[in-house]
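Read top to bottom, the protein sequences are chains A and B.
What the first sequence shows, in UniProt numbering, is residues 1 to 234, in sequence order.
What the second sequence shows, in UniProt numbering, is residues 1 to 292, in sequence order.
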Amino acid sequence: MLSVREATTAYQGLVAISDVTIDVAKGEIVAVCGSNGAGKSTLIKTIAGAERPRSGTVTFDGEQINGVPQHLITARGIAYVPENRRLFPRLSVEDNLRLGSYMYRGKPDRDEPLKLVFDLFPRLSERLEQRAETLSGGEQQMLAISRALMTRPRLLMLDEPSQGIMPKLVDEIFQAVIKIRDAGMTVLIVEQRMAEVLEIADRAYILQTGRVQMQGKASEIATNPDVRKAYLGL
Amino acid sequence: MTAATIIQSLASGLLMGLLYGLLAVGLALIFGLMDVTNFAHGEFLMLAMYLTFFLFMFWAVDPLLSIPLVAAGMFVFGAVIYLVIIRFAMRAKANIGMVQIFATFGLAILMRGLAQFFFTPDYRSIPASMLGGKTISIFGVFLPVPQLVGALISIAAFGALYFFMKKTDFGRALEATREDAGAVALVGIDKNKVFALGWGLGSALIGLAGGVMAIFFYIYPDVGASFALIAYVTVALGGFGSVFGAFAGGIIVGLVEATTAMILPPSLKSVGIYAVYLLVVFVRPRGLFGSI
Chain A
1 MLSVREATTA YQGLVAISDV TIDVAKGEIV AVCGSNGAGK STLIKTIAGA
51 ERPRSGTVTF DGEQINGVPQ HLITARGIAY VPENRRLFPR LSVEDNLRLG
101 SYMYRGKPDR DEPLKLVFDL FPRLSERLEQ RAETLSGGEQ QMLAISRALM
151 TRPRLLMLDE PSQGIMPKLV DEIFQAVIKI RDAGMTVLIV EQRMAEVLEI
201 ADRAYILQTG RVQMQGKASE IATNPDVRKA YLGL
Chain B
1 MTAATIIQSL ASGLLMGLLY GLLAVGLALI FGLMDVTNFA HGEFLMLAMY
51 LTFFLFMFWA VDPLLSIPLV AAGMFVFGAV IYLVIIRFAM RAKANIGMVQ
101 IFATFGLAIL MRGLAQFFFT PDYRSIPASM LGGKTISIFG VFLPVPQLVG
151 ALISIAAFGA LYFFMKKTDF GRALEATRED AGAVALVGID KNKVFALGWG
201 LGSALIGLAG GVMAIFFYIY PDVGASFALI AYVTVALGGF GSVFGAFAGG
251 IIVGLVEATT AMILPPSLKS VGIYAVYLLV VFVRPRGLFG SI
């Protein structure tokens, strides 16, 4: 479904990822892990069209998408939830969700993804009138994911969804990721909390200083002695 | 000074104030949307007034009827200005604020120069129109009909703008872009389209004001300068970027101007506006209704 081939992206003149090749198949949950500054966010931005690769290609459903403007990549079915969520803070929860379905305005089934959204995050349905900025960190993350779901993606990309969120809600969000996959979507998730994300992922890549250092089944990576020593502190 | 003359002055001031609000709202809209101050705002007004004048001269279209045409023409003009000038000015890698200032300032000088060349520096006016020169008496207060119609158009325009911003998908896209222009691509919105729409809408609102003002003001290449100053004060007073602050700011400016004219000699009638403006800047720099 998604294929990144030897992508090199520079960020303010510095090479952030170099020759990164990853694949995501339909229906998978794929995790991208690594320490701070390993290039995880740059990789996800390169796929989303927020950054352009200096060389290499990004292909989605057989079509090359690197160089396509970011909003058109969203329209093609890749939703991206950035690290800092980028909600519209002074608009209501409802307006944020309705902006998610902006591309389907005028269509009778515009609100269809709402069923899934409220099923995943019932608390959002109680806060529709509230301004997005008044939500807690965890609720804001739920809203950001929900807004992304309203665009009806085939591939959902999450950048550090656990950041700045209390542990109980982190688990809720990871459980939601599984349900999103079960609803027919594919998920690419960038995460520093390696132990937790490897439990829900099918496969994983580990980035180090902008290169793919290791890849494989999530369960194998989680039990790899080197990984356990270097990243999991075990 | 009798109570009747005071009421008379304040009523005229209120009407002008509503018109000032309409004059300024385009500036506030564009500033709020993308933090760009359009220094050619007065020249946009000048163009709208000339459009009204030429529609009258060549096709005998009464200003009242040409207002929607002028607004539509200004919409297209504003959107095109964004697409061919502002969009590129915003791509500046360094000193982006200065680049934007000089881009719109340069546009202002260019428009004035072109107006002087093509329209000549002559003062023009629309000699006779359906509304021009008429007054109406309401409870003993005499109101000039063009200003009254202008005030009604202003109220209607603000009402429509409110509905547009709060209740439509395009309005919501505009609000979202105001909040975070870099994030709208996440929901599939092209921010350039929204910016062009904002410039079109802001310019169309100046078109409405220009169409009304052409009825009772002289039309000449520099006409925008003095009104633009009022528009900047109105926007700063109401709160930069606040669309409905511009409405309130306009009313305040109109009333202060009328009050000053009652107390001070006519040549000092603008003093009151700038005094209030300075006061607001000192006491509440973000303006009366501005956020942050």
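Virtual Cβ for every residue (Gly too), placed ideally from N, Cα, C.
Task: Gly198(B) beta carbon less than 7 Å from that of Leu22(B) - done: no
- [ ] Kindly list, in the order they appear in chain B, the residues whose Cβ is closer than 8 Å to that of Met166(A).
- [x] The premise fails here: Met166(A) is roughly 24 Å from chain B at the closest Cβ pair, so nothing lies under 8 Å.
Open item on the list: Against chain A, with Cβ distances strictly below 7 Å, would Ala183(B) count as a contact?
Closed with: yes
Task: Beta-carbon spacing of Ser154(B), Leu19(B) below 7 Å - done: The Cβ atoms of Ser154(B) and Leu19(B) lie closer than 7 Å to each other.
TODO: Specify the secondary structure class of Ser41(A) as computed by DSSP and reduced to three states.
DONE: Taken through DSSP and simplified to helix, strand or coil, Ser41(A) comes out as helix.
Task: Check whether Gly42(B) and Gly211(B) have beta carbons under 7 Å apart - done: At the C-beta level, Gly42(B) and Gly211(B) stay beyond 7 Å of one another.
Task: CA-to-CA distance, Phe77(B) to residue 295(B), given in whole angstroms - done: Outside the displayed range of chain B (1 to 292) lies residue 295(B), so it cannot be described from this structure.
Open item on the list: Suppose the cutoff is 6 Å on Cβ atoms and the five residues either side in sequence are ignored; what does the same chain contact list for Ala195(A) look like?
Closed with: Leu232
Task: is_contact[Thr46(A), chain C] using C-beta, thresh 7 Å - done: Chain labels in this structure do not include chain C; the protein chains are A and B.
TODO: State yes or no: is the C-beta of Leu169(A) within less than 7 Å of the C-beta of Ala79(A)?
DONE: No, the pair does not count as a contact, with Cβ atoms beyond the cut-off.
TODO: Pick out whichever of Leu255(B), Asp122(B), Thr104(B) has its Cα sitting closest to the Cα of Tyr218(B).
DONE: The shortest Cα separation from Tyr218(B) among Leu255(B), Asp122(B), Thr104(B) belongs to Asp122(B).
Task: beta strand (DSSP E) segment containing Gly216(A), residue limits - done: 211-217
TODO: For Gln70(A), return the contacting residues in chain B, with the cut-off set at a CB-CB distance below 7 Å.
DONE: Ala185
- [ ] Go through the stretch 197-280 of chain B residue by residue and report every complete run of the alpha helix (DSSP H) that reaches 4 residues or more, in order.
- [x] 223-238, 243-263
Task: Residue environment, Ile292(B), which counts as buried when at least 16 other CB atoms sit within 10 Å - done: Low confidence applies here, because Ile292(B) scores a pLDDT of 49, under 50, leaving its location unreliable and the question unanswered by this model.
Task: C-beta contact flag for Val276(B) and Ala24(B) at 7 Å - done: no
Task: Option nearest Val68(A) by Cα separation, candidates Asp190(B), Ala246(B), Ser267(B), Phe282(B) - done: Asp190(B)
TODO: Answer yes if the stretch 199-214 of chain A comes into contact with the stretch 31-47 of chain A, meaning at least three C-beta pairs across the two stretches below 8 Å, and no otherwise.
DONE: These segments touch.
Open item on the list: Let me see if you follow: with CB-CB separation under 7 Å, is Arg110(A) close to chain B or not?
Closed with: no
- [ ] Measure how close the beta-carbons of Leu45(B) and Phe170(B) come, nearest whole angstrom, since I'm counting them as under 8 Å.
- [x] Contact flag wrong, Cβ pair sits at about 25 Å.
TODO: Can you give me, in chain order, the residues of the stretch 136-167 of chain A that have a beta carbon less than 8 Å from any beta carbon in chain B?
DONE: Arg147, Ala148, Met150, Thr151
Task: Residue range of the alpha helix (DSSP H) that includes Ile47(B) - done: Per the sequence shown, the amino acid found at residue 47(B) is Leu instead of Ile. Run containing Leu47(B): 41-59, per the alpha helix (DSSP H) assignment.
Task: chain B contact for Ala132(A) (CB, 7 Å cutoff) - done: no
TODO: Have a look at Gly39(A), Thr42(A), Gly62(A) and flag the residue whose alpha-carbon is nearest the alpha-carbon of Ala25(A).
DONE: Taking only the C-alpha atoms, the option nearest Ala25(A) is Gly62(A).
TODO: Less than 8 Å between the CB atoms is what I'm expecting for Gly272(B) and Val280(B), so what's the real figure, rounded?
DONE: Contact doesn't hold; Cβ gap of about 13 Å is too wide.
- [ ] With Leu110(B) as the anchor, note down where its alpha helix (DSSP H) starts and where it stops.
- [x] 96-119
Open item on the list: Quick check on the DSSP output: the beta strand (DSSP E) that includes Val288(B) runs from which residue to which?
Closed with: For the sequence presented, residue 288(B) should be read as Leu rather than Val. Per DSSP, Leu288(B) belongs to no beta strand (DSSP E) and is neither H nor E.
- [ ] In the DSSP assignment, find the unbroken alpha helix (DSSP H) run with Ser92(A) in it and report its ends.
- [x] No alpha helix (DSSP H) holds Ser92(A); DSSP gives it neither H nor E.
Open item on the list: Along the chain, where does the alpha helix (DSSP H) containing Gly56(A) start, and where does it finish?
Closed with: Per DSSP, Gly56(A) belongs to no alpha helix (DSSP H); it is in the beta strand (DSSP E), 55-60.
- [ ] With DSSP collapsed to three states, give me the class of Pro225(A).
- [x] helix
Open item on the list: Closest to Glu160(A) by C-alpha separation, out of Leu43(A), Gly100(A), Leu2(A), Ala230(A), would be which residue?
Closed with: Leu43(A)
Task: Minimum length 4: unbroken alpha helix (DSSP H) runs contained in the stretch 127-203 of chain A - done: 137-150, 167-182, 194-200
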